[in-house]
Amino acid sequence: MAEKFRDTDMDRQQAMLMKSFYHLLSFYASSNADYYLDRVAISHNRDHIDIRPALYDLWLDTLIATVQRFDPDFDAAVELAWRLVMTPGIVYMKFHYDRKTIVGS
Ligand code: HEM
587 MAEKFRDTDM DRQQAMLMKS FYHLLSFYAS SNADYYLDRV AISHNRDHID IRPALYDLWL
647 DTLIATVQRF DPDFDAAVEL AWRLVMTPGI VYMKFHYDRK TIVGS
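Residue numbers (my numbering): 587 to 691.
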């Protein structure tokens with residue numbers, strides 16, 4: 587994982603993380619891809635920065651660990667809600683790993 591970020595400006599990456607989080611959330615809310623997630627799905631696929639599907643699971647587990655650390659009301663129901671909301675966007679990203687174009691657009 588660290589290998590992927592060796593040339594990355596981590597302040598910019600943090601801002602990106604915030605933005606990607608909102609895009610995953612809006613993907614869930616609209617049950618559809620926005621232009622942004624289309625672009626990111628292609629940029630992360632095998633032909634580009636090559637983010638293997640398993641790394642998205644790691645990403646989600648790390649997000650949950652962060653929520654657990656900072657939310658005093660964290661419990662199993664809160665964890666499940668986070669996982670349910672983030673999962674459609676993650677499935678979308680993983681689905682495009684081996685594809686050259688966006689499916690369904
Ligand atoms: C969960 C959904 C994710 C979203 C929405 C997302 C979004 C983004 C966006 C918007 C960028 C900058 C522009 C671009 O390259 O398209 C980016 C860059 C990047 N992302 Fe992600 N990302 C996600 C997951 C991941 C994961 C799981 C990894 C690897 C562990 C990862 C690694 C990277 C890397 C290495 C860059 C390039 C950083 C640089 O500019 O040096 N991303 N991501």
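All C-beta atoms, glycine included, are put in the ideal place defined by N, C-alpha and C.
Small disclaimer: the values here were computed from a predicted structure and weren't measured.
Nearest candidate by alpha-carbon position, reference residue i, set the options
i       : options                               : result
Leu-603 : Thr-652, Asp-633 and Tyr-683          : Thr-652
Glu-589 : Ala-662, Leu-646, Asp-597 and Leu-641 : Leu-641
Residue i vs residue j beta-carbon contact at 9 Å
i       : j       : result
His-630 : Asp-636 : yes
Ile-676 : Asp-643 : yes
Val-671 : Phe-681 : no
Closer than 8 Å: residue i CB and nearest the ligand HEM heavy atom
i       : result
Ile-635 : yes
Val-653 : no
Phe-609 : A quick correction: the sequence has His, not Phe, at residue 609. His-609 Cβ: within cutoff of the ligand HEM.
Val-671 : no
Gln-600 : no
Ile-650 : no
His-682 : no
Proximal residues to residue i (C-beta, below 8 Å), its chain only, five neighbours per side dropped
i       : result
Arg-638 : Tyr-683
His-634 : Ile-628
Asp-661 : none
Residues near residue i in its chain [Cβ-Cβ closer than 7 Å; skip 5 each side]
i       : result
Glu-665 : Ile-650
Arg-655 : none
Sequence-distant residues of the same chain with beta carbon closer than 6 Å to residue i, five excluded per side
i       : result
Arg-592 : none
Contiguous alpha helix (DSSP H) assignments of at least 4 residues, all confined to the stretch 606-662: 621-629 and 639-656
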